[in-house]
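Visitor:
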Amino acid sequence: FRNGEDPHRALCLDFFGDTFRNAADDQKKALRVFVKQFTYASGYMAESETVHGILTSSEDENGKLLYPNLTLRETANFHDKWLARNPEIPRWWESTLEEWRKNRCLVEPILGLKVDFLDGEDPSKMINFKPQSGGSALVHLATFEVLKEIPFQKWGKGTGLVTQTHDSL
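Position 130 of the sequence shown, counted from 1, bears residue number 232 in this note's numbering, the numbering being contiguous throughout.
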């Protein structure tokens, strides 16, 4: 991020090396989608079976499956290697769960919003909370800055921005 590089491209190089470097543009695009979906699913604590289901149902813009021949064994192998190369991720998972167990809530790091998970411990949702809510908070703060620059008064009373925003605007 500091160098303005695409983190998913960097992961493609890590995962596939010369196969990615030497691939045609459409193959690079498919491999980038693979790595992005794999990383997000795995990062939010999905098991190999779930990751495999996500990957094997991925389609291109024409509705063609991108990875129809990917096996569960291959997905599990990627998953195991990824976890072995990134031991900080399981440590992050455990620290997040420990935080909830101790405080009975998690706090979003930007605006301080809290969630208590009253239905009990749900690791995947808990792991997902801070990255998603933090990303959304940053977008909301940026939106407030953008709103200062748009001359709504020029168009009359009741004019403004209508948006439903997640982690992008």
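Note that CB positions come from ideal geometry on N, CA and C, so glycine has one too.
(1) For Leu167, I'd like the list of residues in its chain whose CB is within less than 8 Å of its CB, leaving aside the five on either flank, ordered along the chain.
(2) Could you please give the first and the last residue of the uninterrupted alpha helix (DSSP H) stretch that includes Glu201?
(3) What residues are listed by DSSP as bridge partners for Leu208?
(4) What residues in its chain sit with their C-beta under 8 Å from that of Phe103, if we drop five residues either side in the sequence?
(5) Determine the burial state of Ala244: buried for a count of at least 16 other Cβ atoms within 10 Å of its Cβ, exposed for fewer.
(6) In three-state terms, what does DSSP make of Glu161?
(7) How should Leu174 be labelled, buried or exposed, when 16 other C-beta atoms within 10 angstroms of its C-beta is the threshold for buried?
(8) Identify every run of the beta strand (DSSP E) within the stretch 104–137, keeping only runs that are complete inside it and at least 3 residues long; order them along the chain.
(9) Could you check if Cys114 is buried or exposed, using at least 16 other CB atoms within 10 Å of its CB as the buried criterion?
Guide: Quick look at the numbers:
(1) Thr158, Ser159, Ser160 and Glu161
(2) Glu190 to Asn205
(3) Val217
(4) Answer for Phe103: Pro109, listed in chain order.
(5) exposed
(6) In this structure, Glu161 counts as strand in the three-state DSSP scheme.
(7) exposed
(8) none
(9) buried
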